[in-house]
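Please read the structure below before turning to the comments.
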């Protein structure tokens with residue numbers, strides 16, 4: 170019965186104890202046998218266990234008394250915000266968890282805003298009250314303030330010891346509403362998916378009305394794709410076949426579809442015999458950065474394509490398109506929501522699917538305004554003739570940063586060392602300040618800004634960001650030449666003010682990795698044909714006089730002169746052929 174169902178999520182900043190709280194809920198409800206229980210039980214990916222963070226949302230079905238509880242645990246990092254938004258669209262309420270030793274942080278506010286957009290009931294809870302450095306009263310006050318609630322409404326608990334977790338679960342049952350009744354037509358929202366080698370695509374569903382049974386003919390509305398319910402079940406948290414899914418429940422349906430692209434997150438799955446309007450789906454996320462990936466062995470190209478298709482099922486924010494270069498062959502330009510997501514996906518390609526790949530440095534999408542045309546440019550090769558460009562723009566982001574007041578000056582010095590515009594600053598509490606700044610996306614995608622903030626504040630400051638559009642910038646294309654020949658693979662787009670420093674840095678790296686030749690090599694950076702920086706790779710040294718013993722010194726001079734003239738001719742005629750490893754080392758991310 171619907172009135173006995175509660176669907177909810179746990180949301181928080183990264184490392185505030187979501188997964189540990191989920192563990193306690195599993196123990197309280199006996200969803201997992203004691204002998205099978207281990208820490209971070211729902212974090213099933215090896216990378217999640219290694220990094221100690223949640224990367225994927227994890228649904229689980231539990232029973233407490235006569236109540237059916239569907240929990241969706243969510244990630245905490247900003248790079249996985251699309252996971253969070255999809256989970257919140259499937260529930261009626263959320264537990265907002267805050268670490269008592271750290272207080273409210275940037276992603277706390279971001280997740281809170283996402284929950285408010287879905288009109289969810291939000292239950293505030295302060296975690297880790299067992300820590301010696303816990304500031305329970307202050308954190309409670311902060312959380313009550315942002316939730317516009319009384320302090321007495323904010324629960325205090327320790328997910329590690331279990332103290333207060335039973336009371337929190339009972340509050341979830343008491344305050345989060347049950348699902349609303351719908352019509353008889355079976356209708357559900359696909360909020361996630363994965364690939365099964367036997368059954369094809371498995372769709373994760375929230376059923377909003379009606380009922381699905383094994384063997385039903387079903388239909389994906391947006392993809393215009395028929396399917397069949399080969400198997401239907403729930404998450405216990407492992408997949409368990411039940412033969413049906415009812416209104417208000419969360420579970421899975423194995424479609425039998427072998428082509429991953431035919432099942433899309435955000436689609437509406439309905440009974441095939443009775444079509445219906447689609448449910449509200451999800452706003453497509455906008456990639457923040459792009460990285461191009463090539464297989465080391467060109468014969469692995471088809472496997473790389475299949476791997477990306479399967480990964481997109483599991484992470485629908487992923488975007489990829491074909492990219493090719495003469496030297497590196499065919500690969501894929503992949504769009505990511507941030508550098509952590511990029512790191513996770515690249516590692517999964519290597520470790521889960523066993524593919525050897527080379528990945529380029531992160532790039533952003535620029536915008537150029539030409540005569541009567543506006544164009545987005547994703548790579549230096551597509552940069553228009555400078556004479557045609559009326560204006561160039563680059564993407565900017567708005568950053569919300571929370572810092573303890575004791576580190577305010579340190580944070581401000583970091584901001585001054587990067588290109589940032591301070592928009593506002595106000596006290597979040599008596600001990601914390603909330604800063605809003607705007608900056609070019611390129612300043613934060615490399616990870617240098619993150620490292621600088623964390624090191625200057627001993628890890629106590631936090632930030633989240635969102636893209637806000639494009640702003641005008643004096644952008645230029647920098648080309649790199651080896652022995653006078655342009656190497657298009659190395660070209661890059663950069664602000665004019667940074668062109669020289671970035672060019673010198675790259676040329677020094679090139680000088681280190683390029684093999685020495687029989688003649689000296691000129692390594693140059695140019696803008697519009699004008700050389701702006703240079704390094705020289707010295708020639709290989711060979712002692713042509715080594716075989717001479719004694720005799721007239723003029724014989725040695727003659728041999729050295731012949732060698733000098735030979736090297737000059739080689740330099741004039743020779744073309745430098747770089748081994749592929751040079752490209753791999755220079756482009757590697």
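Numbering (my numbering), first residue to last: 170 to 758. C-beta atoms are modelled at their ideal positions from N, C-alpha and C, and glycine is treated no differently.
Between the C-alpha atoms of residue 367 and residue 424 there is a straight-line separation of about 11 Å.
In the three-state reduction of the DSSP assignment, residue 468 falls in the helix class, which pools H, G and I. Collapsing the DSSP output to three states places residue 288 in coil. Less than 8 Å divides the Cβ of residue 290 from the Cβ of residue 346.
In the displayed model, residue 619 falls within a helix according to three-state DSSP. Contact between residue 515 and residue 456 fails: their C-beta atoms lie close to 15 Å from each other, not under 8 Å. DSSP places residue 251 outside any beta strand (DSSP E); the residue lies instead in the alpha helix (DSSP H), whose first and last residues are 250-257. For residue 652, the closest of 665, 583, 706 by C-alpha to C-alpha distance is 706. When beta bridges are read from the DSSP output, residue 325 appears opposite 295. Residue 231 sits close to residue 200, with the two beta carbons spaced by under 8 Å. For residue 532, the closest C-alpha among the options 560, 584, 460 is that of 460.
For the 8 Å CB-CB criterion, residue 178 and residue 275 do not form a contact. Rounded to whole angstroms, residue 488 and residue 430 show a C-alpha spacing of 12 Å. By the neighbour-count criterion, in which 16 or more other beta carbons inside 10 Å mark a residue as buried, residue 221 falls on the exposed side. Closest in C-alpha terms to residue 304, from the list 325, 315, 287, comes 325. Uninterrupted alpha helix (DSSP H) stretches at least 4 residues long and entirely within the segment 586-637 occur at 611-614, 617-625, given in chain order. Secondary structure note for residue 510: it is in no beta strand (DSSP E), and the uninterrupted alpha helix (DSSP H) holding it is 508-520. The C-beta separation of residue 187 from residue 243 comes to about 7 Å, placing the pair in contact by the 8 Å criterion. Following the DSSP letters along the chain, one finds residue 192 inside the alpha helix (DSSP H) bounded by residues 187-197.
Pairing residue 414 with residue 380, the inter-Cα distance amounts to about 6 Å. The straight-line gap separating the alpha-carbon atoms of residue 193 and residue 602 is approximately 33 Å.
In the structure shown, residue 205 falls within a helical segment according to DSSP collapsed to helix, strand and coil. With a cut-off of 8 Å on Cβ pairs, the segment 629-637 is not in contact with the segment 326-339, counting fewer than three such pairs. DSSP places residue 665 in no beta strand (DSSP E); its state is neither H nor E. Closest in alpha carbon position to residue 406, among 677, 206, 690, is 206. Take the alpha-carbon of residue 197 and the one of residue 233: they are about 8 Å apart.
Selection 258, 248, 281 evaluated against residue 266 yields 281 as nearest (Cα-Cα). Judged by pairs of C-beta atoms under 8 Å, the segment 345-363 does not touch the segment 313-331, as fewer than three such pairs exist. Comparing alpha carbon positions, the residue from 754, 654, 636 closest to residue 682 is 754. Residue environment: residue 395 is assigned as exposed (fewer than 16 neighbouring CB atoms within 10 Å of its CB, all protein chains considered).
Our two residues, residue 642 and residue 522, have alpha carbons roughly 40 Å apart in a direct line. Residue 549 and residue 481 have their alpha carbons spaced roughly 26 Å apart.
Under the three-state reduction of DSSP, residue 491 is assigned to strand. About 5 Å separates the beta carbons of residue 376 and residue 418, which is inside the 8 Å limit, making them a contact pair. Boundaries of the beta strand (DSSP E) harbouring residue 705: 699-706, taken from the DSSP string. Contact between residue 441 and residue 497 is ruled out by a C-beta separation of about 45 Å, above the 8 Å threshold.
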